[in-house]
Every structure is written in structure tokens, then in C-alpha cells.
Amino acid sequence: MKKIIILSFVLSGILLAQSLEYKGNIGFESSLLEHDIVGKRDTQNAARLELELKQTTANGQLVFNGKALYDKDDKDRRYVDVNDLYYKHNFDNSDLLIGRNTRFWGAMEFYNHTDAFNTKDLLDNPFDYDSKLGAWNVAYTQYFDNSEISLIAKVHEEEQKVQDLESVNNFFPPIYNEKLETQKGKNRPTLYLKYSGSGEATQIDYSFIYQNGYDEQRYLAPVGTELHQYAYVVNKLMGYATLVTDDTIYKTELAYTKSDEEKVSDYAQISLGVEHTLYGLWDKKDLGLLAEYYRYEARDDSKFGAKDFGNLFADDVTLGFRLSLNDGADSEVLGGLAIDRKNKEKILFVEYDTRLYDTYKLGLSYQHLSPQEDSRFQKLDRGMIEFGYYF
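The numbering of the sequence shown is this note's numbering, which starts it at 316 and goes up by one.
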């Protein structure tokens, strides 16, 4: 009730403001699924509404970003969620953010293991790594000429609600309960110290992050006759960078995690990538060629590792392309194939996005998942269409 009152108060202030900025979309998504999983639906259809409001004040900005989803078949996917609801106060060379928001960290195209701030939204598409739950936090950022440093305190751990048992996007056993168990309480702060900068003589951007608090990964633990998610405390060092030279972008992400939970192994992650663009390959079309490698290395194989967390990028090579048609509709095709070097697990996807009559967007996508035998996931083919009106 307290959250609803605060939300109503903030939204009322934003909506009554004279210099209100807004944007959003309303549309639908429909998926056709081919699988051999007993008791799972072959289709998924939902309507979606997304709205973003921004109000500039004398010394800062109020921001609201929310979404509403109504699934025709899945009652668990009928909800309203607030991803962003915060106030940012600007000082001369710094700012202070208070509220709920989402952050996007990392350099790689297909998967970012340094994107460890927000909890993933499993009620949405679990394979869309940009779909997240907002996080309540306080953040202070100091700006310099070519760099900045932020101190962030996330003050609450979010529960991950899941789709119903008949959805192919529910990978959990029937005895799974969404209640979250934590090592030191849900409100134990998770602290981040983040330094970002860019080069003056070279086109390089980089970030270094130290994290103390709950890891993004969670394991399943038995509680009575049920299985609950368990969040554990870690110390984590992360970094990512991009370097642009002519028509080529070099990317990397590095992380080392020391676990404070005896059941979970310390682990290291590394990813390396390159993207080369062939401009004006034919007519005005540009073709980007991508190659990325991901590695998850646990120090102690007798403890929980990548497989136990359902991590699909444990030892994977990914090859992909990005075709920009450079037409009036901003049409783009993105595709990729990830193959696990050890067990030959495969993820294949192709996405096409375009605009229609300026205010409408159409998206078509295909995804094929061929997991290993003892994976949490199962073989799946998915075709999806998304259509929306943008304002």
C-alpha cells in the first residue's frame, strides 16, 4: 500500500507538470512454439503497454518508466510493473539518484556477464537479457573531464516471478515457489563502486566495477517440500571495454567472483569479441560481422557452477551478423549462432525490425535452442511476431 501511495503521488506530480516529456507504445506479441515438452502450450499471445514520462525540474529530473502485460492464456503474465521511478538531482559536476531504476552494463552484443545490477524479468521473455526488474537504489556520481565515478547502494533484492507451468518459458520444477531466501536478509545493501572513462587520443571506452553484496546468480534450495531461490553474498571485480579502429570494434568483458556461500564455487568469466562493418556493401546497405567468445570457469567443480545456474554461455563461440538496410524505415536484421565448444549446445536466432508509416513497428524473430541432455532447458523452436503503435 505504501508503494502505491508513493507511486500515485509521484505520477500525479509528473502528469500535472507543464513541460512533460513522454513516449511509449501499445501493441501485441504472438509466438508459435514447436517442442516435445509434455504439458506445455504451443502458442503464447499477449498485449503490451509501455510508457515513459520525464519531467525536468529546476535542479534535476523525475522519471517514470512502466509496462503492463496481459497474456491471453497465462494468468501469471497479467501484471503492471514499474521499472523506473526515480528523481535525479543535478549538482555542478555530480548528481544524486534516489528511487527505482534499470542499468545496462557491458560491451558484448549477445550476452553481458558484467550486467549484474538488475534481476532478470522471467515473466517477460527470459531469453531477452534486456528485460529486467527495476532496483531500488541510491547512487551518487561525480563527473570529470573524460571519466566519472559512481557509488551505488541497491537496497532490496527482488523476487523473480515466473510464468505458469504450461509455459515453455517456465524451466522450474512443479515444486518451485517464488519466495526468495537470502543469506543476510532481502534488505542487506549491495554496494557498487563504478569508474568509467574514455580515451582522448583513441576511441576507447572502459568501465571498472567493484561489487559487494548479492550476486546476480541464484541457486535453488529445498525448503520443506518446495524449492526456493537462494541469494548469496559475493565480492566481485568486473570490467568491460570497447576499442574502435576504423571500421572495426574490439570488445571485452572480465569478471572474478569470490563467493561467501560454501555451496557456490568462486568463478571467473571472460568474453572477447570483434565486430567489423562493411559499409555500403551494396547500394546503401551496411553489413556488420560479429564474433564473440564467452567463458565461465569455476574454481571448484564440486560446488555449484555454470550448469547449476542455467548459464547458457559457459564455453561458447558466437558468430553473428547485423544488416542495416539504411532505409526510411530503419530496417535491421540481426542474427547469431552460439555453440558450446564442449557439449555442442546450440542457440540460433534471427531478428528483423522495421518501422511502418513512422509510428508503427514490426518485429519478426526465430529462435532455436538445442540444449545439452542434463540442462535445465529443453529443445525448442520459437517463431514470434511483434507489432506496436509508438507515440
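Glycine included, each C-beta is placed from N, C-alpha and C at the ideal position.
Could you round the C-beta distance between residue i and residue j to whole angstroms and report it? I think they count as a contact, below 8 angstroms.
i, j, result
"Ser-482", "Asp-389", "6 angstroms"
"Leu-368", "Tyr-337", "5 angstroms"
"Asn-282", "Asp-399", "Limits of the chain in this structure are 316 at one end and 706 at the other, which puts residue 282 out of reach."
"Gly-651", "Phe-425", "6 angstroms"
"Met-423", "Ser-586", "5 angstroms"
"Val-470", "Asn-502", "6 angstroms"
"Leu-596", "Leu-602", "5 angstroms"
"Asp-575", "Gln-498", "7 angstroms"
Report all residues from its chain with a CB closer than 6 angstroms to the CB of residue i; omit the five preceding and five following residues, and keep chain order.
i, result
"His-683", "Leu-663, Asp-696"
"Phe-523", "Tyr-510, Gly-554"
"Glu-453", "In the sequence as displayed, the identity of residue 453 is Val instead of Glu. Here the set comprises Ile-413, Ala-468."
"Asn-527", "Leu-506, Asn-550"
"Gln-693", "Ile-352"
"Ala-621", "Tyr-611, Ala-629"
"Asn-380", "Glu-367, Asn-398, Asp-399"
"Ala-606", "Val-589, Leu-634"
"Lys-494", "His-543"
"Gly-500", "none"
"Ile-464", "Gln-457, Tyr-510"
Compute the distance between the beta-carbons of residue i and residue j, then report whether it is under 7 angstroms.
i, j, result
"Asp-631", "Tyr-609", "yes"
"Gly-421", "Glu-660", "no"
"Leu-448", "Glu-473", "yes"
"Tyr-525", "Ala-556", "no"
"Ala-613", "Thr-633", "no"
"Arg-637", "Leu-627", "no"
"Asp-668", "Glu-647", "yes"
"Gly-703", "Asn-340", "yes"
"Gln-544", "His-428", "no"
"Asn-485", "Gln-475", "no"
"Leu-552", "Ile-519", "no"
"Thr-456", "Asp-410", "yes"
"Glu-531", "Ala-450", "no"
"Gly-588", "Lys-573", "no"
"Ser-685", "Met-699", "no"
"Glu-349", "Ala-361", "no"
Can you list, in chain order, the residues of its chain whose CB lies under 7 angstroms from that of residue i, leaving out five sequence neighbours each side?
i, result
"Val-579", "Tyr-534, Tyr-547, Lys-618, Phe-619"
"Pro-537", "none"
"Lys-599", "Asn-641"
"Asp-623", "Tyr-534"
"Ile-320", "Below a pLDDT of 50, predicted positions are generally treated as unreliable, and Ile-320, at 48, falls in that range; the measurement from the model is reported next regardless. Correct list: empty, nothing qualifies."
For residue i, which residues of its own chain have a beta-carbon under 8 angstroms away from its beta-carbon, when the five flanking residues on both sides are left out?
i, result
"Lys-318", "Confidence at Lys-318 is low in this model, with a pLDDT of 49, below 50, so the placement of that residue is unreliable and no value is reported for it."
"Ile-490", "Thr-540, Glu-541, Leu-542"
"Lys-382", "Arg-363, Leu-364, Glu-365, Leu-366, Val-395, Asp-396, Asn-398"
"Asp-562", "His-591, Thr-592, Leu-593, Tyr-594"
"Arg-393", "Leu-384, Tyr-385, Asp-386"
"Ser-446", "Lys-435, Asp-436, Asp-439, Asn-440"
"Ser-334", "Gln-370, Thr-371"
"Leu-480", "Gly-354, Pro-489"
"Tyr-675", "Phe-702, Gly-703, Tyr-704, Tyr-705"
"Leu-671", "Ala-644, Leu-677"
"Thr-358", "Ser-345, Ser-346, Leu-347, Leu-348, Asp-388"
"Glu-496", "Ala-536, Val-538, His-543, Gln-544, Tyr-545, Ala-546"
What are the boundary residues of the beta strand (DSSP E) that residue i is part of?
i, result
"Ile-464", "462 to 469"
"Leu-508", "505 to 513"
"Tyr-547", "Tyr-547 -> no beta strand (DSSP E), and no H or E assigned at all."
"Asp-597", "One detail in the question is off: residue 597 reads as Trp in this sequence, not Asp. Run containing Trp-597: 582 to 597, per the beta strand (DSSP E) assignment."
"Gly-650", "647 to 655"
"Ser-409", "409 to 416"
"Met-699", "695 to 705"
"Phe-636", "630 to 639"
"Gly-678", "675 to 685"
"Ser-574", "563 to 574"
"Lys-661", "661 to 671"
"Glu-607", "600 to 613"
"Thr-497", "491 to 497"
"Pro-537", "534 to 538"
"Gly-528", "518 to 529"
"Arg-393", "393 to 405"
How about residue i: is its Cβ closer than 6 angstroms to a heavy atom in the ligand NAD?
i, result
"Leu-377", "As presented, the structure is devoid of all ligands, the ligand NAD included, so that no description of it is given."
- Counting only runs that start and end within the region 323 to 389, where is the beta strand (DSSP E) found for 3 or more residues in a row? 335 to 349, 358 to 371, 375 to 386
- Segments assigned alpha helix (DSSP H), at least 4 residues, entirely inside the region 414 to 442: none
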